[in-house]
Amino acid sequence: MALPKPDELLRDVNYDRMPAKHWMDTKPEFRPGAYCYAGKPSVVEELGLPFPREWQPHDEDWKLPPNWKEIVLNAIKDRAERFRSFKLFMDICVRCGACADKCHFFLGTGDPKNMPVLRAELLRSVVKGEFTRSGKLFGRLAGARKLTEDVIKEWFYYYYQCTECRRCSVFCPYGIDTAEITILAREILHEIGVNINWILEPVRNSAFIGNHIGLQPHTIQENIEFLLMDIEEITGLKIEVPINKKGAEILFVTPSADFFAEPGIYTFMGYVLLFHYLGLDYTISTYASEGGNFGFFTTHEMMRKLHAKIYHEAERLKVKWILGGECGHMWRVVHQYEDTMCGPAPSNLEVPKSPITGTVFEHAKSTKIVHICEFTADLIAHGKLQLDPSRNDNYVVTFHDSCNTSRGMGIFEEPRFILRHVVNNFYEMPENTIREKTFCCGSGSGLNTDEYMEIRMRGGFPRANAVEYVHEKYGVNMLACICAIDRAVLPPLMNYWVPEVQVCGVHELVGNALVIPGEKKRTTDLRFQPLKGVEEEENV
Amino acid sequence: MNVVAALIAVIGMVILVWLGVGVLKLYTLFGVVIPYAAFLTFLIGLVYRMVNWAKSPVPFKITTTCGQQKSLPWIRHSRLESPATNFEVFLRMALEVLAFRSLFRNLRADLRGRKLYYGSSKWLWLGAILFHWSFFIILVRHLRLFSYPVPGPIDLLDKVDSFFHIGLPHLYLTDVAILAGLTFLLLRRLVDAKVNYISHASDYFPLFLIFGLVISGMLMRYFFRVDITSVKELTMGLVTLHPKVPTGIGLIFYVHVFFISVLVAYFPFSKLVHMVGVFFSPTRNLPNDNRRVRHINPWWENVPPKFLTYCEWQEKFKEQLESAGQPIDEDCYKEKKES
Ligand code: SF4
Ligand code: SF4
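Structure, rendered in structure tokens:
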């Protein structure tokens, strides 16, 4: 199905018109563009996940295992015993509706089940109906219902229509985090073989090869060499990127998309130029070659399995600390999960200390992992970088806070501080759409697949709308971010809603602005676009 | 349907009291037995709930960060929205519990054509504050009935609350405020399409119940004028565990007592436990110090992760590594020989 025009997409969306039917009586419609394909049997099998089989969400029969109901009920009980968050969130929602219009999927679809409160109710109603006496007695009056196959389909539809962005949790008076419920609901669905391929295939590739698309060690190297050639053409500098180097001071881990996909590659070029400028003793790893972690969108166990490689590699390479590239969900995992699930950090790691400024990153003294924006902001604050922001004068820049680094970490100032030093034209989007209130790109948590385009464009609408606002007001034409999924999905989103705006990583702009000793006079930026003023000069 | 069911339940209670007290004269049942039973249910239920929550561990430190993290020394971190220490967490929680910080953030989204607008929308916050704070003050004021002599602060509270000396007996400000708050919350549930759609009967029920409670209380004070001495005799009897039932207290008093009994008994087993639950919320009550202080997950602590180790991976990609000139780690073979 072709995607409707932007002006038509939201025609039926009305936040104040609810269906006549009770929500327990409506069913989702599995139409193209509104669901993701099921996991391929071979992928599911290789990962050792249960019930690999041929099926698709639009099928009438999902071929669930005969005892699916028992499995699900046991899984719910198990999660309630292991996660206080889950148990509590099932108990204390008062349906005040403060979260209702905070979800970008609700704002883009108008579907009431995309209100975070109802998304959670989809599960809460079953917990009540199957496990509590009052629920069994009063049924719908108490918001309770029985678990049926239709409920499973509904869960699949709506728990894969939540990007685990946590915006709802900011507004909830009890901090109820629907993302947490989604995470666990997906985990429960996995137990009966209900899953999506777009998440599982990258998980399989990460687990057995090393990164999302399965780049093998030599391919990563070739890609990097290719980018180094571009760097040489632009700057005249011959740079090397150390690979799997034992005894380096720093292990650098970044999402693998930065190695091969536009515009992430420009961000990668920015990192490399920075490291070269500093003479940093670092290495990347072709084994731990993925900072992203689609396991986080699968199960807690899977997240751990994928992430464990980073400390393991840091130990083998005997580095002193780890530097992490720009990525959203990678940083939620690094910040909020890593130490708990893979720590304590191997003993060869030391409290991170910038070799250039001497700053000790006390806030990372347990995990020993520093965000590249923290690292660079520290450099700039100490006056260690020579920067020429006019090299970014082609761009009028705004900054998109990605969900995970905002609401699951709180890194707001560092990237902004960097941006203010590397570009001359920087404008914020409206206050209610940035920082902790930022809007998701609409494609996070492993939903960035093409078959899901309609929902992605709808979910990304509030973000795009805020970009459109600064585009019209200030002429913004560049959307900077610190997330690899953003870099992959914001370009099509912009292309749909605000086609004049491009997308980049913060360190791409750093790479442009950095004045490096020994480089030739740059005439283009890292995208081979002529620098502002250069064309005119040449024409004289 | 939901509204009607909830309303019927509350009206049914009035009828029940009328039958029980007015017709069957079961004063002891409604004046002593039910209040005691309800209070016990409340205590046991609440303890049960708290123990039940506490039994499930908090495997991960999943603070929702609503402000700048503590990182570099020259960047000011947000102490209230991204607390870095337990003391700051305490402040964050205090703000949340006492001032409803998160509700204060509330916005309203409006779609016009293909443009979204956000307006500040503090009405819910205001309604909630009015309701909860007046309820709390009213409760404290009621301690007057359960203490002898009445402690000074409670007396003072009473004076302040009736400061304006409107009518006789003086009108309490909190009575007005709680009615305003309740009315707003109820209307919002009925009128706002979204909130209406998500509401169950169990969301209307406590509203009507508390409405009934407040109205019966106000009727008693301002209109029917029950005999306050007898009431105090009864309430003092209840707290001193020497219950006696003086005669001559009006039916309306028993309705009031029944409402509060139902409310407290219902409390632990319904959404009303949010009052206690909020303190347990892991997105609010944990510091954002994840990379500084390790959080322990009890069910993983002694279970090492299973994953493809470097040496296994090297075996798999040895050829590619060699052809690309990437180093082969000889230690992988050493370890094998040793073991
Ligand atoms: S804001 Fe919180 S309490 Fe209110 S409806 Fe949403 S999840 Fe429930
Ligand atoms: S986590 Fe984000 S996507 Fe999910 S329900 Fe909340 S606001 Fe919506």
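Residue numbers (our numbering), protein chains in the order written: chain H, 244 to 783; chain E, -5 to 333.
Cβ coordinates follow ideal geometry from the N, Cα and C atoms, glycine included.
- Within the segment 520 to 577 of chain H, complete beta strand (DSSP E) segments of at least 3 residues are found at 525 to 527 and 564 to 567, given in chain order.
- Taken from the Cβ of Y417/H, at least one heavy atom of ligand 1 lies inside 8 Å.
- Only Q464 from the segment 464 to 476 of chain H bring a Cβ to less than 7 Å from some Cβ of chain E.
- Unbroken alpha helix (DSSP H) runs of no fewer than 4 residues, entirely contained in the segment 443 to 515 of chain H, are found at 460 to 478 and 500 to 503, following chain order.
- Residues of the segment 552 to 570 of chain H with a Cβ closer than 8 Å to any Cβ of chain E, in chain order: K552, H555, E556 and R559.
- In this structure, DSSP gives L628/H a state outside helix and strand, which the three-state scheme calls coil.
- Identification of residues in the segment 604 to 621 of chain H having a C-beta nearer than 9 Å to some C-beta of chain E yields F604, E605, H606, A607, K608, S609, T610, K611, I612, V613, H614, E617, A620 and D621, given in sequence order.
- 9 Å or more divides the Cβ of I192/E from the Cβ of I132/E.
- When secondary structure is reduced to three states using DSSP, S114/E falls in the strand class.
- When rounded, the separation of the alpha-carbon atoms in F84/E and S76/E is 12 Å.
- Any Cβ of chain H closer than 9 Å to the Cβ of G61/E would place that residue at the interface, and such an atom is present.
- Residues of the segment 85 to 96 of chain E with a C-beta atom less than 9 Å from some C-beta of chain H are E90, F94, R95 and S96, listed in chain order.
- The straight-line gap separating the alpha-carbon atoms of W68/E and D283/E is approximately 17 Å.
- Apart from sequence neighbours up to five positions away, the residues of its chain that approach D644/H with a beta-carbon distance below 6 Å are I677, R678 and T681, ordered along the chain.
- For A422/H, the distance from the CB to the nearest heavy atom of ligand 2 is below 8 Å.
- Counting C-beta pairs closer than 8 Å gives fewer than three between the segment 611 to 626 of chain H and the segment 22 to 33 of chain E, which falls short of the contact rule.
- By the rule that beta-carbons nearer than 9 Å mark a contact, P281/E does not touch chain H.
- When secondary structure is reduced to three states using DSSP, T35/E falls in the helix class.
- Judged by their CB atoms, P587/H and R288/E are nearer to each other than the 9 Å cut-off.
- Secondary structure at A78/E: coil, using DSSP grouped into helix, strand and coil.
- The C-beta distance from D197/E to R338/H rounds to 5 Å, short enough to meet the 8 Å contact threshold.
- In the three-state reduction of the DSSP assignment, M721/H falls in the strand class.
- Residue nearest to V413/H within the set E715/H, C646/H and C726/H is C646/H (criterion: CA-CA distance).
- Separation of the CB atoms of E423/H and S328/H is rounded to 5 Å, and the pair is thereby assigned contact status at 8 Å.
- Here F129/E has I172 as same chain residues with Cβ atoms under 7 Å from its own Cβ, once five neighbours each way along the sequence are excluded.
- Residues of chain E with a Cβ closer than 7 Å to the Cβ of V337/H are, in chain order, K265 and H268.
- Contact between T529/H and I486/H holds, with the beta-carbon distance rounding to 6 Å and staying under 8 Å.
- Within the DSSP bridge table, the entry for K775/H names no partner.
- At least one CB of chain H lies nearer than 9 Å to the CB of S72/E.
- Of the residues M(-5)/E, A0/E and I28/E, the one whose Cα lies closest to the Cα of V249/E is I28/E.
- A263/H sits in coil when the DSSP states are folded into three classes, being neither helix nor strand.
- Below the 9 Å Cβ cutoff, chain E contributes no neighbours of Q404/H, its closest Cβ being approximately 17 Å away.
- Beyond the five residues adjoining it in sequence on each side, T277/E comes within less than 8 Å, by CB distance, of I56, T57 and T58 in the same chain, given in chain order.
- Residue burial is scored here from C-beta neighbours: I431/H has at least 16 other C-beta atoms within 10 angstroms and is therefore classed as buried.
- Contacts with chain H at 9 Å (Cβ-Cβ) do not include A259/E.
- Among the CB atoms of chain E, one or more fall inside 9 Å of the CB of A624/H.
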